[in-house]
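Student:
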Amino acid sequence: MSSRRLTRRKFLSAAGAAIALPAMVAPARAEDTDIVIIGAGAAGLGAARELRRLNKRFVIIEARQRAGGRLYTNTALGQPFDAGAAYIHFAETNPWSQIATDLGVDPQGGYRLWSGSIAFRNGVALDQDAMARRWDSMRRVSTAYDEIEERADVSLAQALRGENQDVRDAGRIQAQMAAGEEPEWVSTADWQRLESGQNRLVPGGYGALAIKLAEPLGVRHGVLATAIDWSSQLVAVTTDKGIIRARKAIVTAPIGVLKAGSIRLTPGLPLEAARALDGLKMGALSKIALRFSGERFGFQPHQFLAEIGQPSRAITFEAWPFDSELVVATFGGDYARGLARQGEAAAVDHALERFIRIAGADARKAFKGGVLAGWSEDPFSLGGYAVALPGRMRAREALARPFGDKLWFAGEATAGNYSMTAGGAYMAGRDAAKQAAARLSTGSLR
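Structure representation (structure tokens):
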């Protein structure tokens, strides 16, 4: 791994290893607009900003009482931490880099902040020889994936089938931490095409940046979409606050919500879209923040502590991000789902006990509280982000195509090489908005 530059994939492996825009007058009646956007996460905000730039009429609704979706800066412990996406991946081309700059925020390079990592096995730090073997195993994981032909599109687990147990364990931990999923459920071909580049952190929080971006867009918070009827010339979106009629609709709800049938479609999805949705699965990457007072336990800000003694229950702790009093635990896959189902109190207790194994008994005395971000149990997301199943890497592109010239699905799940990121979600929403705006000649409100 380069000592000077952490790419998105390399970083994930090591770890677990108001913008000035033309004035826009919102339509007076929600049932009379050009385009309705369902969801104000990164994709919805990207769509809304593009439509505003194009001077098109739109309504954007959001079930939560805040914008940002899985971009969420949690302040429940008195200090902010990004409970969802935290890094601006592929920062050189990621639109959030320019957004941050325009909003007066200076994203900081992850590799400059990063102060190294320590791996532990059941609370005991690995010695130099064990660390060398671990890095060798992780390098072999990457090599094994590179050796798989794209047309084979096997699972990550299948790609490592012939490797020794250390390599398979390293692959499992990497899949859980980077994809939030078990390696049996992740397409190697899809994994390999993910864009890399620099990673940058957002001082004050990535989610806080999204809230700031949303301010001039007129997001209607607390509006829950329950049905979409696109059988007629217009699209009718039923919400708990009434019906919105529009010529086009951009649906940015996470695929976990779509797969659960939380939004009823009339007619149902076309066969191509239904197959595409079946080819995607929500991973369960989750976080727990722990706050401590008066002690640092010998760890440095932005130092990563990886507990790998039980590969199916791997967990990392980022110490003191931005010199805060927080330690942020990250974990994924079936382990994350199980912890989230236990509820916040039990999950926090569990994470604290695992941290104490690493930091020592003094951590219990200094502990002040914790909070869980269990995305698999969040009804408005039902998971962290979308992975493509083995053999289904083309599902993302298929779901991104417009249906009936009036319905678009957009989000991190449909972002191709940029999938599984807030940057990809923003671009997918922006692209869907461009397409929908270009087709406004079809469909009429008269």
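Residues 7 to 452 in my numbering are what the sequence shown lists, from first letter to last.
Where is the CB? At the ideal position from N, CA and C, for every residue including glycine.
Note that the coordinates shown come from a computational prediction; the quantities given were computed from them, not determined experimentally.
#1: Do you know how far the Cα of V208 is from the Cα of L51?
#2: Whole angstroms is fine: what's the gap from D437's alpha carbon to Q85's?
#3: Is the beta carbon of F310 sitting closer than 9 angstroms to the one on F323?
#4: Roughly how far, in whole angstroms, is the beta-carbon of G344 from the beta-carbon of G289, given that I think they are within contact range, below 8 angstroms?
#5: When the Cα atoms are used, what is the spatial distance from D133 to G315?
#6: Should A69 and G45 be called a contact, given that it needs their Cβ atoms to be closer than 9 angstroms?
#7: For a test of the three-state rule: what should DSSP assign to H356, helix, strand or coil?
#8: Within the same chain, show all residues whose beta-carbon is closer than 6 angstroms to that of L277, passing over the 5 residues directly before and after it, in chain order.
#9: May I ask you to verify whether the segment 129-144 touches the segment 277-286, counting CB pairs closer than 8 angstroms and requiring at least 3?
#10: If you count every other CB in all the chains shown that lies within 10 Å of the CB of Q204, and 16 or more means buried, which is it?
#11: By Cβ distance, which residues of its chain are closer than 7 angstroms to I217, with the 5 residues on each side in sequence left out?
#12: Measure from the alpha carbon of S123 to the alpha carbon of each residue in I321, D411, G376, then state which is nearest.
#13: Between the beta-carbon of G397 and the beta-carbon of D152, is there less than 9 angstroms?
#14: Just mark D108 as buried or exposed, buried being the case when its beta carbon has 16 or more other beta carbons within 10 Å.
#15: What's the C-alpha gap between Q239 and R167?
#16: Where DSSP assigns a beta bridge to D235, which residues make up the other side?
#17: Just curious, the alpha helix (DSSP H) that T149 is in, first and last residue?
#18: With DSSP as the reference, identify every bridge partner of W414, one or two as the case may be.
#19: Count the other CB atoms within 10 Å of the CB of I41; is the residue buried (16 or more) or exposed (fewer)?
#20: Rounded to the nearest angstrom, what separates R370 and R363 at their Cα positions?
#21: For K247, which residues in the same chain have their Cβ closer than 7 angstroms to its Cβ, ignoring the five residues on either side in sequence?
#22: Classify R297 as helix, strand or coil using the three-state DSSP reduction.
#23: Who pairs with D88 in a beta bridge, going by DSSP?
#24: Only counting the same chain, and skipping five residues up and downstream in sequence, which positions put a Cβ closer than 6 angstroms to that of V243?
#25: On the premise that G435 lies in contact with A53, defined as a C-beta separation below 8 angstroms, what is that separation, rounded to the nearest angstrom?
#26: List the endpoints of the continuous beta strand (DSSP E) containing V334.
#27: Between which two residues does the beta strand (DSSP E) carrying R445 extend?
#28: Since L286 sits in a beta bridge, which residues does DSSP pair it with?
#29: Could you check whether L291 and A394 sit closer than 9 angstroms to each other, using their CB atoms as the reference points?
#30: With respect to the alpha helix (DSSP H) encompassing Q51, which residues constitute its N-terminal and C-terminal limits?
#31: Could you name the residues that DSSP lists as bridge partners for F323?
#32: When you compare the CB positions of T258 and G389, do they come within less than 9 angstroms of one another, or not?
#33: In terms of DSSP beta bridges, what is Q114 paired with?
#34: Take A214 and list the residues in its own chain whose beta-carbon comes closer than 6 angstroms to its own, dropping the five residues that flank it on each side.
#35: Whole angstroms is fine: what's the gap from G430's alpha carbon to E313's?
Tutor: Based on what the coordinates show:
#1: Translated into positions along the sequence shown, residue 51 becomes position 45. Translated into positions along the sequence shown, residue 208 becomes position 202. Taking the straight line joining both Cα atoms gives about 18 angstroms.
#2: For the purposes of this step, residue 437 is identified with residue 431 of the sequence shown, where counting begins at 1. For the purposes of this step, residue 85 is identified with residue 79 of the sequence shown, where counting begins at 1. Roughly 35 angstroms between the two C-alpha positions.
#3: What you label residue 310 is simply residue 304 of the sequence shown in a count that begins at 1. What you label residue 323 is simply residue 317 of the sequence shown in a count that begins at 1. A contact, by the Cβ cut-off of 9 angstroms.
#4: Looking up residue 344 in the sequence shown gives position 338. Looking up residue 289 in the sequence shown gives position 283. 14 angstroms between Cβ atoms; not a contact.
#5: Locating residue 133 in the sequence shown gives position 127, counting from the first residue. Locating residue 315 in the sequence shown gives position 309, counting from the first residue. In a straight line, the C-alpha of D133 is about 14 angstroms away from that of G315.
#6: As a position in the sequence shown, residue 69 is number 63, starting the count at 1. As a position in the sequence shown, residue 45 is number 39, starting the count at 1. Yes, the pair counts as a contact, with Cβ atoms nearer than the cut-off.
#7: Here residue 356 refers to the residue found at position 350 of the sequence shown. In the structure shown, H356 falls within a helical segment according to DSSP collapsed to helix, strand and coil.
#8: Start at 1 with the first residue of the sequence shown, and residue 277 comes out as number 271. Taking L277 as the centre and dropping the five residues before and after it, the same chain places no C-beta closer than 6 angstroms to its C-beta.
#9: Too few Cβ pairs lie closer than 8 angstroms, so no.
#10: For the purposes of this step, residue 204 is identified with residue 198 of the sequence shown, where counting begins at 1. Buried is the call here.
#11: Working through the sequence shown from its first residue, we reach residue 217 at position 211. For I217, where only same-chain residues beyond five positions count, the Cβ hits under 7 angstroms are R72, A73, G74.
#12: Along the sequence shown, read from residue 1 onward, the residue named residue 123 stands at position 117. Ranking I321, D411, G376 by Cα distance to S123 puts I321 first.
#13: As a first step, residue 397 is located in the sequence shown; it is residue number 391 there, counting from the start. As a first step, residue 152 is located in the sequence shown; it is residue number 146 there, counting from the start. No, these two residues do not count as a Cβ contact at 9 angstroms.
#14: For the purposes of this step, residue 108 is taken as the residue at position 102 of the sequence shown. Flag for D108 reads exposed.
#15: One-based indexing of the sequence shown puts residue 239 at position 233. One-based indexing of the sequence shown puts residue 167 at position 161. Straight-line Cα distance between these residues: approximately 52 angstroms.
#16: Along the sequence shown, read from residue 1 onward, the residue named residue 235 stands at position 229. In the DSSP assignment, D235 is bridged to A242, T272.
#17: Here residue 149 is taken as the residue at index 143 of the sequence shown, counted from 1. Looking at the DSSP string, the run of the alpha helix (DSSP H) that includes T149 is 134-152.
#18: As a working mapping, residue 414 is identified with position 408 in the sequence shown. Note: W414 sits in a beta bridge opposite I256.
#19: Along the sequence shown, read from residue 1 onward, the residue named residue 41 stands at position 35. With 16 or more other Cβ atoms within 10 Å, it is buried.
#20: Within the sequence shown, the letter at position 364 stands for residue 370. Within the sequence shown, the letter at position 357 stands for residue 363. Separation of R370 and R363 (C-alpha to C-alpha, rounded to the nearest whole angstrom) is 10 angstroms.
#21: Locating residue 247 in the sequence shown gives position 241, where the first residue counts as 1. If we look at K247 and ignore the five residues flanking it on each side, its Cβ neighbours are V229.
#22: Here the question's residue 297 lines up with position 291 in the sequence shown. When DSSP states are grouped into helix, strand and coil, R297 belongs to the strand group.
#23: To locate residue 88, count along the sequence shown from 1; it is residue 82. D88 pairs with T79.
#24: On the sequence shown, position 237 is the one that residue 243 refers to. So the list reads V42, A231, I234, I250, once near-sequence residues are dropped.
#25: Numbered from 1 along the sequence shown, position 47 holds the residue referred to as residue 53. Numbered from 1 along the sequence shown, position 429 holds the residue referred to as residue 435. At roughly 4 angstroms, the Cβ-Cβ gap stays under 8 angstroms, so A53 and G435 are in contact.
#26: On the sequence shown, residue 334 is found 328 positions in, with the first residue counted as 1. Per DSSP, V334 belongs to the beta strand (DSSP E) from 332-337.
#27: Walking along the sequence shown from the start, residue 445 turns up at place 439. The continuous stretches of beta strand (DSSP E) do not include R445, and DSSP gives it neither H nor E.
#28: Residue numbering aside, residue 286 sits at position 280 when the sequence shown is read from its first letter. Beta bridge pairing from DSSP links L286 with A394.
#29: Locating residue 394 in the sequence shown gives position 388, where the first residue counts as 1. Locating residue 291 in the sequence shown gives position 285, where the first residue counts as 1. Taking a C-beta distance under 9 angstroms as the contact criterion, A394 and L291 do not qualify as a contact pair.
#30: The count along the sequence shown starts at 1 and reaches residue 51 at position 45. The sequence shown places Leu at residue 51, rather than the Gln named in the question. Per DSSP, L51 belongs to the alpha helix (DSSP H) from 48-59.
#31: By one-based count along the sequence shown, residue 323 stands at place 317. The partner list for F323 (beta bridge, DSSP) reads L311, A335.
#32: For the purposes of this step, residue 258 is taken as residue 252 along the sequence shown, with counting starting at 1. For the purposes of this step, residue 389 is taken as residue 383 along the sequence shown, with counting starting at 1. In this structure, G389 does not lie closer than 9 angstroms to T258 by Cβ.
#33: Mapped onto the sequence shown, residue 114 falls at position 108. Looking at the DSSP assignment, Q114 forms a beta bridge with L207.
#34: For this step, residue 214 is matched to residue 208 along the sequence shown. The answer, listed in chain order, is T79.
#35: Here residue 430 refers to the residue found at position 424 when the sequence shown is read from its first residue. Here residue 313 refers to the residue found at position 307 when the sequence shown is read from its first residue. Those two C-alpha atoms are separated by around 30 angstroms.
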